Structures are given as structure tokens and as C-alpha cells.
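When you number the sequence shown by numbering that gives the first Met the number 0, it's gap-free, plus one each residue, and the end is 329.
Here is the structure we will look at.
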Amino acid sequence: MTRQINITTHCWPLTQPFRSAYGRITQVESVRIELTEGPHRGRGECRPFHAYGQDVTRVLSEMGAVTEKLAEGMTRAALQEALPPGSARNAIDCALWDLGAKQAGEPVWRLAGLSAPRPFPQMLFVPAIDPTGAGEIAAEVAAPFAAPLMKVKMPGDNDLERIVEIHRRAPHARIVVDPNGSWTEQDYLNAMPVLARNGVVLVEQPFAPEEDQRLDHLPHPVPLCADESCRDAASLDGLRNRYKCISIKLEKAGGLTEALAVLRRARELRFGVMVSCMISPSLALAPAIILAGEADYPDISVPGGIEGDPQPTLETRDGLCLPPAPELWG
0 MTRQINITTH CWPLTQPFRS AYGRITQVES VRIELTEGPH RGRGECRPFH AYGQDVTRVL
60 SEMGAVTEKL AEGMTRAALQ EALPPGSARN AIDCALWDLG AKQAGEPVWR LAGLSAPRPF
120 PQMLFVPAID PTGAGEIAAE VAAPFAAPLM KVKMPGDNDL ERIVEIHRRA PHARIVVDPN
180 GSWTEQDYLN AMPVLARNGV VLVEQPFAPE EDQRLDHLPH PVPLCADESC RDAASLDGLR
240 NRYKCISIKL EKAGGLTEAL AVLRRARELR FGVMVSCMIS PSLALAPAII LAGEADYPDI
300 SVPGGIEGDP QPTLETRDGL CLPPAPELWG
């Protein structure tokens, strides 16, 4: 039976600007794909990210290159060979998982061999604003929780002052900081003692991946998490003496299929696991929610900051991220 394919592009304004070492954004673009086979429809969505060399034009080109084979019944295994890791493969792979679940009458988590998804605590997010303002927000969002995980970006201005103030106002929070590979070696040496004294439990990607060798001779007073350096399952062996944790993003891995392989290899190598995402609409995040229940650090922000996110959306309750409704995905 021939599959029907529908591909659409979208632009989603943010309710407030988002700032990281990559810059400031006020909107995000996404590409959705729907695969219909008889009475069943599978959906997937990606949010191309320039730092990974992705944009909407590239996604549409890569999707176009496999449209004919998709219509003829391309499998997930064949997709891994046909496209490189990235946004296009991610969206198609997730749509194929969704379609397969609908056809089998079974949820994706069961088909993937995962535990049944349960609500899990959302990682709190504190924006990279002035230290006093960041401290006030940290105190407010952390107050209802005993030992919340709290994510703080480090774009380069007042970073350490911000962390000190956040820890002062929310001393019970477990802080995760993310320089997005922007540090120099001197930045690292200046920051690490301060972070170790101020509630930071994990530092993501201090250096650009091509500079990871710097970590061989530097102290590690706070555990490190590989983000950009962790690409796929094959990349993990080279990270073992430099990082204690790895970050899985479906956009990097090129879909749930490779993300599952990364998760399993990470457990074999005794890495801690973070499952993270970028600001995206609900359909793009839903597959990561399924995976995040297996993580030590679920870094998932349900898209309350996306304007116009279509129903059904991902939901939270009392600070917990809920599994996606079957009508949304999976």
C-alpha cells in the first residue's frame, strides 16, 4: 500500500526571548511530516538548529531525497542508511515510529523496549538575565520543590555572579550549567572552583568538541556532561575519560532509533544520561518525553513558551512532565 506524505513548515513565536552562548532567539522554525498508510497516520516534527548545521532548506531537501522511497514503504532501518543524522531524519524516524505504533495497536515505549512512561520532574529553567533578577526567579520557581534540578545557560556576561546569586536564593537547587562549548581554558579554570562551591552538580560541554583534549590535563571538581561531543552511539567510547555523563538529543542523533542506541551504549559504558531538547513545539518534543523517563537528568521543558502550539499539547502538573497523549504522538 502506498503511503501518503504531507510535509509542512511552521514558524513559532516565543512568549519571551531566549538567550544562550549561541545568541538570542525570539522564534523557532519547524518542519512537520505526516505519513498516512490506509487508516493509520504517523507524525513527526523537527526543529532545525543552526549550531548543528541544520536549517529548513536543508531539511526539505533531505526529505525530498527520500520521499519516493518513503511512499513505497521505507523502514526505519533503511532510513538510517539513506540520510545522515540530523533534523530531517529525526522527523521522519519519529513519524515512522508513530505510524508503526498505530498499526500495531501498541505504544511506542513498548515497541522500543522502554519502561512505561511516568510523570517526571521538569528541569527548572532560569534565564540568563542580571544576577539579582535571576536569583529572584530561582527562589520563586524552586520554592515548591525539595531538591530541584535547575538549568542555567552561561552566555558569557556575569555568569559566575549569576550562579552565586542563584545558589544564595535557592540553596537547595541542584544546578546544571551550560556554556555551549564557549569557554576558553582560562574560563574553565576561573569558573570551576566557583561552581563547585555554589550548588552546581553538572557542567555541560565546556569546550567545543574539537577542543575536548583540553580536558585530559584539567581538574574536574564538577562532573562534566558531553553535549555537542556526543553525536551517536559510536562516539561514546572516545568520551569515557573526559566526561561522566552524556546528553542525548533526538535532533543530534537523527531520531528515536539512534537515540535508543545511544542510551543503551551509554548504560553499557556506565555514563550518566541526560535527555535534553531545544525549545520546540509539543509534537517535536513528545518522542524525547518517552526517552526522558530513562534519564538521570531529564532536561525537558514543556513548550509553555511557544505561541500557537496546536492541541493536543504536552502538559505538566505540579512540576511534573506528563507522558504525551496518544493523540499527540506514540
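Just so it is clear, CB atoms sit at the ideal spot from N, CA and C, and this is done for glycine as well.
Predicted model, so just to flag it, every value in this text is computed and none were measured.
Got a sec? Which residues, its chain only, sit under 7 Å from residue i by beta carbon, not counting five neighbours each side?
| i | result |
| --- | --- |
| leucine 238 | Ala225, Ser228, Cys229 and Ile245 |
| glycine 318 | Pro120, Gln121, Pro143 and Phe144 |
| arginine 167 | Gly134 |
| alanine 115 | Trp108 |
| threonine 7 | Arg31 |
| threonine 66 | Ile4 |
Looking at residue i: is its Cβ nearer than 8 Å to the Cβ of residue j?
| i | j | result |
| --- | --- | --- |
| serine 60 | arginine 46 | no |
| valine 107 | isoleucine 288 | no |
| aspartate 92 | threonine 312 | no |
| proline 333 | glycine 254 | A question about residue 333 goes unanswered here, because the residues of the chain that appear run from 0 up to 329. |
| methionine 191 | isoleucine 174 | no |
| alanine 283 | glutamate 44 | yes |
| asparagine 189 | isoleucine 162 | no |
| alanine 141 | alanine 169 | yes |
| lysine 68 | alanine 76 | no |
| proline 286 | tryptophan 328 | yes |
| glycine 41 | leucine 123 | no |
| glycine 307 | threonine 14 | no |
With a CB to CB cut of under 6 Å and the five nearest residues on each side skipped, what residues in its chain are close to residue i?
| i | result |
| --- | --- |
| isoleucine 247 | Ala258, Val261 and Val274 |
| valine 176 | Val151, Met153, Val199 and Val202 |
| isoleucine 136 | Val125 |
| valine 58 | Val30, Pro47, Ser86 and Ala87 |
| glutamate 314 | Leu321 |
| threonine 1 | Ala70 |
| asparagine 89 | Cys45, Leu249, Glu250, Gly253 and Gly254 |
| glycine 276 | Correcting the residue type first, residue 276 is cysteine in the shown sequence and not glycine. For cysteine 276, where only same-chain residues beyond five positions count, the Cβ hits under 6 Å are Leu284, Ala287 and Ile299. |
Which residues in the same chain as residue i place their Cβ atom closer than 8 Å to its Cβ, once the five residues preceding and following it in sequence are excluded?
| i | result |
| --- | --- |
| leucine 235 | Cys229, Ile245, Val261, Arg264, Ala265, Leu268 and Phe270 |
| glutamate 160 | Pro130 |
| glutamate 293 | Leu113, Ser114, Leu262, Val272 and Val274 |
| aspartate 295 | Cys244, Gly271, Val272 and Met273 |
| proline 218 | Met191 |
| glutamate 326 | Pro311 |
Just verifying my parser: in three-state terms, what is the DSSP assignment at residue i?
| i | result |
| --- | --- |
| alanine 141 | helix |
| aspartate 317 | coil |
| glutamate 160 | helix |
| aspartate 298 | strand |
| proline 120 | strand |
| cysteine 229 | coil |
| glycine 237 | helix |
| methionine 73 | coil |
| threonine 25 | strand |
| serine 114 | coil |
| threonine 131 | helix |
| glutamine 409 | The structure shown does not extend to residue 409, since the chain spans only 0 to 329, so no value can be given for it. |
| valine 65 | helix |
| glycine 304 | coil |
| glycine 253 | coil |
| glycine 329 | coil |
| leucine 95 | helix |
| glutamine 310 | coil |
| valine 274 | strand |
Can you check which of these residues, the options, is closest to residue i by C-alpha distance?
| i | options | result |
| --- | --- | --- |
| isoleucine 278 | Gly43, Pro12, Met73 and Glu160 | Pro12 |
| alanine 100 | Thr35, Gly155 and Trp182 | Thr35 |
| asparagine 179 | Gly155, Ala169 and His166 | Gly155 |
| phenylalanine 48 | Leu249, Asp295, His171 and His39 | Leu249 |
| glutamine 185 | Phe206, Gly41 and Arg173 | Phe206 |
| leucine 95 | Arg117, Ala70 and Pro118 | Ala70 |
| glycine 52 | Arg31, Arg75 and Gly85 | Gly85 |
| proline 220 | Ala233, Pro208 and Arg241 | Arg241 |
| cysteine 320 | Asp231, Val140, Gly304 and Asp298 | Asp298 |
| glycine 63 | Ala87, Ala77, Ala76 and His9 | Ala87 |
| proline 342 | Asp158, Ile165 and Gly132 | Any property of residue 342 remains undetermined from this structure, which presents the chain solely from 0 to 329. |
| alanine 172 | Cys276, Glu139 and Asn157 | Glu139 |
| proline 38 | Thr183, Gln3 and Thr56 | Gln3 |
| glutamine 310 | Pro323, Arg23 and Val55 | Pro323 |
| glutamate 209 | Val193, Ala232 and Thr183 | Thr183 |
| arginine 23 | Leu194, Gln212 and Ile128 | Ile128 |
| lysine 232 | Leu223, Lys251 and Val193 | Looking at the sequence shown, residue 232 is not lysine but alanine. It is Lys251 whose Cα lies nearest to the Cα of alanine 232. |
| leucine 194 | Gln212, Arg213 and Leu223 | Leu223 |
Under the DSSP definition of a beta bridge, which residues are partnered with residue i?
| i | result |
| --- | --- |
| valine 30 | Thr8 and Cys45 |
| aspartate 177 | Lys152 |
| proline 280 | Answer is none; proline 280 lacks a bridge partner. |
| histidine 39 | Glu36 |
| glutamine 53 | DSSP output for glutamine 53 lists no bridge partner at all. |
| phenylalanine 206 | Ser181 |
| serine 60 | DSSP lists no partner for serine 60. |
| leucine 201 | Val175 |
| methionine 191 | In DSSP, methionine 191 forms no bridge with anything. |
So that I know if they touch, is there some Cβ in chain C lying closer than 8 Å to that of residue i?
| i | result |
| --- | --- |
| tyrosine 242 | Reference to chain C is not applicable here, since this structure consists of a single protein chain. |
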